[in-house]
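Chemist: Below is a structure I'd like to ask you about.
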Amino acid sequence: MKKIIVAFGIDKNGNLIDAHFGDSEYFEIFSVSENSLVFAEQRKNLKIVEKMHGDPNKAKAISALLSGVDVLVAFRMGPNILRMKKKFVPVIVGTRDIDIVKKLVLKNFPYILEEIEKEGEKNYITIKNKEE
């Protein structure tokens, strides 16, 4: 059974942050397979001060912090998505409610896995807020 490692950009209340992924308070890391989503760890964000919007140093720092992760899940992503999709599959979801987001990731697991397995730069995936 294939597994992927997913990082959710979380705020202090435990939902997806209502800002860019790189501005998250912390990242919750999960191991995800077709039928399960298992919490692995929480990583505190380094909060890099940007010299400019979309600072490449911020992308490098977040990328290093999230070493071993395959997928980045966020409500919003900033201009660094163009850098991040070289190493990760960015997934943008239409809700901040973490419980709904987890269900959406499980439901879309085959599609996300397919993108991970592509050679080279990845495309970002947008998932609407539909649980049905």
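Counting from 1 along the sequence shown, just add 1342 to a position and that's the residue number in this note's numbering. We treat Cβ as the ideally placed atom computed from N, Cα and C, and that holds for glycine.
Leaving out five residues on either side along the sequence, give the residues of the same chain with a beta carbon under 8 Å from the beta carbon of Pro-1398.
Modeler: Only Asn-1422, Arg-1425 meet the Cβ criterion.
Chemist: Taking Lys-1445 as the reference, give the member of Ala-1349, Gln-1384, Leu-1379, Asn-1465 with the closest Cα.
Modeler: Minimum Cα distance to Lys-1445 is reached at Leu-1379.
Chemist: On the DSSP bridge list, what partners appear for Arg-1385?
Modeler: Paired residue(s): Phe-1369.
Chemist: Please report the distance separating the alpha-carbon of Ile-1458 from that of Ala-1416.
Modeler: Approximately 17 Å, taken between the alpha carbons.
Chemist: When DSSP labels each residue in this structure, what does Phe-1350 get in the three-state scheme?
Modeler: If DSSP states are grouped into helix, strand and coil, Phe-1350 belongs with the strands.
Chemist: Please go through the same chain and pick out, in chain order, the residues whose beta-carbon is closer than 7 Å to the beta-carbon of Arg-1438, but skip the five residues on each side of it.
Modeler: Only Asn-1357, Leu-1358, Asp-1360, Phe-1417 meet the Cβ criterion.
Chemist: How should Asn-1377 be labelled, buried or exposed, when 16 other C-beta atoms within 10 angstroms of its C-beta is the threshold for buried?
Modeler: Label assigned to Asn-1377: exposed.
Chemist: Whose CA, out of Ile-1442, Asp-1412, Glu-1461, lies closest to the CA of Ile-1371?
Modeler: The shortest C-alpha separation from Ile-1371 is found at Asp-1412.
Chemist: Going by Cα to Cα distance, which pick from Ala-1403, Val-1374, Pro-1432 is closest to Phe-1451?
Modeler: Selected option, being the one with the closest Cα: Val-1374.
Chemist: Just to confirm the assignment, what range does the beta strand (DSSP E) spanning Leu-1414 have?
Modeler: Counting along the chain, the beta strand (DSSP E) containing Leu-1414 begins and ends at 1413–1416.
Chemist: In terms of residue numbering, what span does the beta strand (DSSP E) encompassing Pro-1421 cover?
Modeler: Counting along the chain, Pro-1421 falls outside any beta strand (DSSP E), and DSSP gives it neither H nor E.
Chemist: Is there at least one Cβ from chain C nearer than 9 Å to Phe-1430's Cβ?
Modeler: Among the protein chains of the structure shown there is no chain C, as only one such chain exists.
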